[in-house]
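Input: a single structure, listed below in structure tokens.
There are 2 protein chains.
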Amino acid sequence: MKYGVLGTGIVGQSIAGKLAQVGHEVMVGTRDVAQTLQRDNADAMGNPPFKVWHQQHPQVKLGTFAEAAAFGEIIFVGISGGRTLDALEGAGANNLDDKILIDIGNALDFSRGFPPTLSVCNTDSLAEQIQRAFPQAKVVKTLNTVTAYVMVNPGMVPGDHDIFVSGNDARAKAKVTEILKNDFGWKSVIDLGDITTARGVEMMMMQWINLMGTLKTPLFNIKVVRAQG
Amino acid sequence: MKYGVLGTGIVGQSIAGKLAQVGHEVMVGTRDVAQTLQRDNADAMGNPPFKVWHQQHPQVKLGTFAEAAAFGEIIFVGISGGRTLDALEGAGANNLDDKILIDIGNALDFSRGFPPTLSVCNTDSLAEQIQRAFPQAKVVKTLNTVTAYVMVNPGMVPGDHDIFVSGNDARAKAKVTEILKNDFGWKSVIDLGDITTARGVEMMMMQWINLMGTLKTPLFNIKVVRAQG
Chain A
13 MKYGVLGTGI VGQSIAGKLA QVGHEVMVGT RDVAQTLQRD NADAMGNPPF KVWHQQHPQV
73 KLGTFAEAAA FGEIIFVGIS GGRTLDALEG AGANNLDDKI LIDIGNALDF SRGFPPTLSV
133 CNTDSLAEQI QRAFPQAKVV KTLNTVTAYV MVNPGMVPGD HDIFVSGNDA RAKAKVTEIL
193 KNDFGWKSVI DLGDITTARG VEMMMMQWIN LMGTLKTPLF NIKVVRAQG
Chain B
13 MKYGVLGTGI VGQSIAGKLA QVGHEVMVGT RDVAQTLQRD NADAMGNPPF KVWHQQHPQV
73 KLGTFAEAAA FGEIIFVGIS GGRTLDALEG AGANNLDDKI LIDIGNALDF SRGFPPTLSV
133 CNTDSLAEQI QRAFPQAKVV KTLNTVTAYV MVNPGMVPGD HDIFVSGNDA RAKAKVTEIL
193 KNDFGWKSVI DLGDITTARG VEMMMMQWIN LMGTLKTPLF NIKVVRAQG
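What follows is the structure, encoded as structure tokens:
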């Protein structure tokens, strides 16, 4: 299958690398290809620049947002929340319509310092904003509740733990669940309901930040434990 | 030990009943004692009126918010989020100062229908509002991430799962952790940090509502699973 992955950061790299590793054709999309390949410095988290990663993953193509979206039969959006809608505008509705659009972003706003706040929450969500802006795309929210490495290697966190999907299109959610299980290795995928349920998983980000501060590692996840009956 | 429990709903009943059961002296506080004892109808969730519960728990005293706060050496606040600050005004700062004030509320707003929104979140929390309004009280946020029955009977959800504490006063959090473990039966209590970390647990409410919709039961909780290392 052909995938477009929008975003060249650690999230985009993790998703693109895993999809390529399991045998899919992948094009990563960026705003400005020349600029992305020029960048020499590590990101704010100390991750090496995209071109170093790209040298290690030569089978992954690189193009503009529009080229990657046109290339992909399914699109992952792995862009910082605040820039997501701009990036999708750049990709173009004609390259997104009728496709599954997998939103894995968090709308973190660090402008007030730490802890960050969310630039959208409570009465709306990033996923709903995307669905409204691109009504013909089949938006599925998932994976935003774990760090990039765990998204594609859930076994880094031992034992049972859960990932969630939200979206209006049942077949799109079923396909994403198949990708999560077969390609990424997730054992438990919980379907929360329609796209408005993305509010719940996006608002979990604040507790994720709490837990990262307490546990001193991003390598964790949650398991939903329920009463038998 | 003497406890004041503000609120006569299912949350207040659960907390007060458990504290009395394990041998503490408890006074439940309400806005208007006569009105509370007059009420004959079940609440919106079908729970019987307070007076039925009170007949089954005659050792629990009933008083005004101010009387219950004056009575308690430690105060639980089990009031719907939107009415919490008013209730605490009624209790009076002089009855709250220097005491541990355990906030277990969620600021749910159903005025837009379902799903509800939060009347405070993201840049602030109910717990922080309480701490600012009563700076001499030692506010600890906990228990708002599970349903009332599970708060005081964590064994209703099998296996390992976690509850959280947030607050500025380390000794107050240690005392609340002792109550949670010794009186309520919690095995794992995670200290998230200062009172601003209440934003994270309060914003989990939206995912809790998602999960209740999906699992068709409020009898669940989450376990934090982490990488070994």
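Chains A and B are the protein sequences, given in the same order.
Count along the first sequence from 1, then add 12; that gives the number in our numbering.
Count along the second sequence from 1, then add 12; that gives the number in our numbering.
We put the beta carbon where it would ideally sit given N, CA and C, even for glycine.
What's the call for Lys-73(A), buried or exposed, on a 16-neighbour Cβ count within 10 Å?
The residue is buried, with at least 16 neighbouring Cβ atoms inside 10 Å.
Which one or two residues does DSSP pair with Lys-153(A) in a beta bridge?
Asp-115(A) and Ser-178(A).
Going by C-alpha to C-alpha distance, which of Ala-78(A), Ala-46(A), Thr-76(A) and Phe-77(A) sits closest to Lys-63(A)?
Per the Cα distances, Ala-46(A).
Does the distance from the C-beta atom of Val-188(B) to that of Ile-112(B) stay below 8 Å?
Yes, Cβ-Cβ distance for Val-188(B) and Ile-112(B) is below 8 Å.
Using only CA atoms, which one of Gly-24(B), Asp-195(B) and Ala-149(B) lies nearest to Arg-183(B)?
The option with the nearest alpha carbon to Arg-183(B) is Ala-149(B).
What separation, rounded to the nearest whole angstrom, lies between the Cα atoms of Met-168(B) and Ala-239(A)?
One C-alpha to the other measures close to 6 Å.
Going along the chain, which residues of its own chain have a beta-carbon closer than 8 Å to the beta-carbon of Val-236(B), five neighbours each way excluded?
These residues qualify, in order along the chain: Asp-174 and Ile-202.
Rounded to whole angstroms, what's the CA-CA distance from Lys-185(A) to Met-218(B)? Just pull it up for me.
Rounded to whole angstroms, Lys-185(A) to Met-218(B) spans 20 Å at the Cα level.
Nearest to Arg-95(A) by CA position, among Glu-79(A), Gly-21(A), Val-162(A) and Leu-227(A), is which residue?
That would be Gly-21(A), whose Cα lies nearest to the Cα of Arg-95(A).
What ranges does the beta strand (DSSP E) occupy inside the region 38 to 92 of chain A, keeping only unbroken runs of at least 3 residues that lie completely in it?
Correct list: 73 to 76 and 86 to 89.
Put Gly-167(A) into one of helix, strand or coil per three-state DSSP.
It is helical.
Under 9 Å Cβ-Cβ, which residues of chain A neighbour Asp-203(B)?
Within chain A, the residues near Asp-203(B) are Thr-226.
Within 8 Å (strictly less), CB to CB, does Leu-155(A) reach chain B?
For Leu-155(A), the answer is no, since every Cβ of chain B falls outside 8 Å of its Cβ.
State whether the region 156 to 171 of chain B contacts the region 121 to 128 of chain B, with contact taken as three or more CB pairs (one from each stretch) at a distance under 8 Å.
Because the criterion of three Cβ pairs below 8 Å is not met, the region 156 to 171 of chain B and the region 121 to 128 of chain B do not touch.
Between the Cα of Asp-195(A) and the Cα atoms of His-69(A), Leu-18(A) and Ala-28(A), which residue gives the shortest distance?
The residue with the shortest Cα to Cα distance from Asp-195(A) is Ala-28(A).
Given that Pro-127(A) touches chain B, what residues does it touch there, using C-beta distances under 9 Å?
Within 9 Å Cβ-Cβ: Thr-208, Thr-209, Arg-211 and Gly-212.
Contact criterion: CB-CB distance below 8 Å. Does Pro-170(A) meet it with respect to chain B?
Yes, because at least one Cβ of chain B sits closer than 8 Å to the Cβ of Pro-170(A).
Let me check understanding here. Comparing Cα to Cα, which of Glu-190(A), Ala-210(A), Thr-48(A) and Pro-230(A) lies closest to Leu-31(A)?
Per the Cα distances, Glu-190(A).
Check whether the Cβ atoms of Thr-18(B) and Val-89(B) sit closer than 8 Å, and answer yes or no.
Note on identity: in this sequence residue 18(B) is Leu, with Thr being the wrong assignment. Contact flag set, yes.
Could you name the residues that DSSP lists as bridge partners for Leu-2(B)?
Outside the shown range of chain B, which is 13 to 241, sits residue 2(B), and nothing can be said about it.
For the putative contact between Gly-16(A) and Ala-81(A), defined by C-beta atoms under 8 Å, what is the C-beta separation to the nearest angstrom?
That belief holds up - the Cβ atoms of Gly-16(A) and Ala-81(A) are roughly 5 Å apart, short of 8 Å.
With 16 as the cutoff for other CB atoms within 10 Å, does Arg-144(B) come out buried or exposed?
Flag for Arg-144(B) reads exposed.
Where DSSP assigns a beta bridge to Lys-235(B), which residues make up the other side?
Lys-235(B) pairs with Lys-235(A).
Can you find a C-beta in chain A that's less than 8 Å from the C-beta of Arg-238(B)?
Arg-238(B) counts as touching chain A.
On the three-pair Cβ rule with 8 Å, is the region 129 to 142 of chain B touching the region 128 to 140 of chain A?
As far as the Cβ criterion goes, the region 129 to 142 of chain B touches the region 128 to 140 of chain A, which means the pair count is three or higher.
List the endpoints of the continuous beta strand (DSSP E) containing Leu-204(B).
From DSSP, the beta strand (DSSP E) with Leu-204(B) extends over 200 to 205.
Closer than 8 Å, CB to CB, is Asn-134(A) near chain B or not?
Asn-134(A) counts as touching chain B.
Might you give, ordered along the chain, the residues of its own chain that have their beta carbon closer than 6 Å to the beta carbon of Thr-42(B), omitting 5 neighbours on each side?
Thr-20 and Thr-48.
Against chain B, does Gln-33(A) count as a neighbour if the rule is that its beta carbon must be under 8 Å from one of theirs?
Taking Cβ atoms only, chain B never reaches closer than 8 Å to Gln-33(A), which makes this a no.
Interface residues of chain A around Phe-232(B) at Cβ under 8 Å?
Going along chain A in sequence order, the residues near Phe-232(B) (Cβ under 8 Å) are Val-236, Val-237, Arg-238 and Ala-239.
Provide the residue span of the alpha helix (DSSP H) that contains Asp-98(B), from first to last.
Start and end: 96 to 103.
Assuming Ser-178(B) and Gly-205(B) make a contact with CB atoms under 8 Å, what is their CB distance in whole Å?
Going by Cβ atoms, the distance from Ser-178(B) to Gly-205(B) rounds to 7 Å, so yes, they are a contact pair.
Counting only beta-carbon atoms, is Leu-130(A) nearer than 8 Å to chain B?
Interface residue, yes.
Does the Cβ of Val-164(A) have 16 or more other Cβ atoms within 10 Å, making it buried, or fewer, making it exposed?
Val-164(A) comes out buried.
So Phe-146(A) and Ala-105(A) are supposed to be a Cβ contact under 8 Å. How far apart are they, rounded?
Contact holds; Cβ gap of about 6 Å.
Classify Met-13(A): buried if its beta carbon has 16 or more other beta carbons within 10 angstroms, exposed otherwise.
Exposed, because fewer than 16 other Cβ atoms sit within 10 Å of the Cβ of Met-13(A).
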